[in-house]
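To keep things clear, I will list the structure first and then write my remarks on it.
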Amino acid sequence: MVAASKEFVFHHTFKDVSQLEDGDFFKSPEEIHYNAEWFILVIRTKDQLEAYLHCDNEKDDNVAWTVDAEFSLKIASSSGSYAMKFQKGCFDGFGLGWNDFVSWDSLTEDFLYDNSFTIEACVKITKMTGFSKDVLRSFDESEKRFSDVILVVGDEKFYVLKLFLASHSSYFNALFLGKFKEADQSEVTLQNIDPTDFQSLLEVLYGEPAIDDGTIDGVLLLAHMLDVTLAIRKCEEFLIEKSMKSMRELLKMANQYQLENLKTVCISKINTI
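The sequence shown begins at 0 in numbering that gives the first Met the number 0 and counts up one residue at a time.
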């Protein structure tokens, strides 16, 4: 199985840049991706612009958590030139970035348009720990008598029915009803899957309201990877009817996951502006 890659991009335009004095800062609005809150912080320090990416646990500040990620921050000019830096690191409550992202002279001379500049963050999450969600339905050992297979995902075990999963997913249909060795096993390990995302996906299949702006990235990524059409449809309905994500982000998700109804709605809204 190809690993589910947790990647996202977000932008923010900082305005009235000339008002920044030494020590002043701008902070972008927070965006939720994969159950975490993300924002960009820029600071003017003498002759430099500092730039940092921040991550926070939106659910519980009292729980130890970490996010290992690769990321870049980038600003571009109207002429096509750009300044970009790349970093790998571990977020644990503090921002990561650079105290010399670009010189202040370069920013004002090369990258300002109408006293503003836009910064883009590209993020690839490689590992998350300490992030939890409210459990809407249990798939632990208490469900053993209603199951016929144990799925091991990360350090968690899920007690489920093969035929139920096979009826919703071409991946599980092939795995459990095809000629793979897993068809006859009572315990199967699924590699490269986040157990929290898998919990949410199962909850969706069992009719629980598990989709929100925090969980949808992980659920949709996993549903697309495992070809779970019901979950994909539920995610698309949420994005159309309830999501607070930006139009730019909705369009990106529509294109990435071939969500044609969402794409149509987004284009219709853009055309009426």
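Glycine included, each C-beta is placed from N, C-alpha and C at the ideal position.
Treat the numbers as computed from the prediction; the structure is a model and nothing was measured.
{"Check": "What whole-angstrom Cβ distance do alanine 120 and phenylalanine 70 have, given they're in contact under 8 angstroms?", "Outcome": "6 angstroms"}
{"Check": "From lysine 241 to phenylalanine 145, what does the alpha carbon distance come to, in whole angstroms?", "Outcome": "33 angstroms"}
{"Check": "Shortest alpha-carbon distance to aspartate 211 belongs to which of Tyr205, Glu259, Ser199, Ser115?", "Outcome": "Ser199"}
{"Check": "Out of Asp109, Gly92, Thr128, Tyr51, which has the shortest C-alpha to C-alpha gap to phenylalanine 100?", "Outcome": "Tyr51"}
{"Check": "On a CA-only basis, which of Glu259, Leu40, Phe130, Lys156 is nearest glutamate 142? Give me that one, please.", "Outcome": "Lys156"}
{"Check": "Using a Cβ-Cβ cutoff of less than 8 angstroms, which residues in the same chain neighbour arginine 43 once the five nearest sequence positions on both sides are dropped?", "Outcome": "Leu19, Glu20, Asp21, Gly22, Asp23, Phe24, Glu49, Trp103"}
{"Check": "Which partner residues of leucine 150 appear in the DSSP bridge assignment?", "Outcome": "Phe157, Val187"}
{"Check": "Determine the extent of the alpha helix (DSSP H) in which aspartate 196 is found, giving its start and end residues.", "Outcome": "194-204"}
{"Check": "Rounded to a whole number of angstroms, what is the C-alpha to C-alpha distance between aspartate 183 and leucine 238?", "Outcome": "38 angstroms"}
{"Check": "For the stretch 32-46 and the stretch 112-128, state whether three or more C-beta atom pairs, one from each stretch, are separated by less than 8 angstroms.", "Outcome": "yes"}
{"Check": "Within the continuous alpha helix (DSSP H) that includes serine 71, where are the two ends?", "Outcome": "Counting along the chain, serine 71 falls outside any alpha helix (DSSP H), though it belongs to the beta strand (DSSP E) covering 65-75."}
{"Check": "For phenylalanine 110 versus serine 76, is the C-beta spacing smaller than 7 angstroms?", "Outcome": "yes"}
{"Check": "Using the Cβ count rule (16 or more neighbours within 10 Å means buried), how would you classify aspartate 133?", "Outcome": "exposed"}
{"Check": "According to the neighbour-count rule (16 or more other Cβ atoms, all chains shown, within 10 Å of its Cβ), is glycine 177 buried or exposed?", "Outcome": "exposed"}
{"Check": "Is phenylalanine 179 buried or exposed, if buried means 16 or more other CB atoms sit within 10 Å of its CB?", "Outcome": "exposed"}
{"Check": "Hey, could you find the ends of the beta strand (DSSP E) threonine 107 is sitting in?", "Outcome": "Counting along the chain, threonine 107 falls outside any beta strand (DSSP E), and DSSP gives it neither H nor E."}
{"Check": "What residues in its chain sit with their C-beta under 6 angstroms from that of aspartate 226, if we drop five residues either side in the sequence?", "Outcome": "Ser168, Ser169, Tyr170"}
{"Check": "State the Cα-Cα distance for the pair aspartate 150 and tyrosine 256, rounded to the nearest angstrom.", "Outcome": "What sits at residue 150 in the sequence shown is leucine, not aspartate. Roughly 26 angstroms separates the two Cα atoms."}
{"Check": "For glutamate 259, which residues from the same chain have a beta carbon less than 8 angstroms from its beta carbon, with the 5 sequence-adjacent residues on both sides left out?", "Outcome": "Ala253"}
{"Check": "Would you decide whether phenylalanine 93 is buried or exposed? Buried here means 16 or more other CB atoms lie within 10 Å of its CB.", "Outcome": "exposed"}
{"Check": "Can you tell which of Thr228, Asp67, Cys234 has its C-alpha closest to the C-alpha of lysine 5?", "Outcome": "Asp67"}
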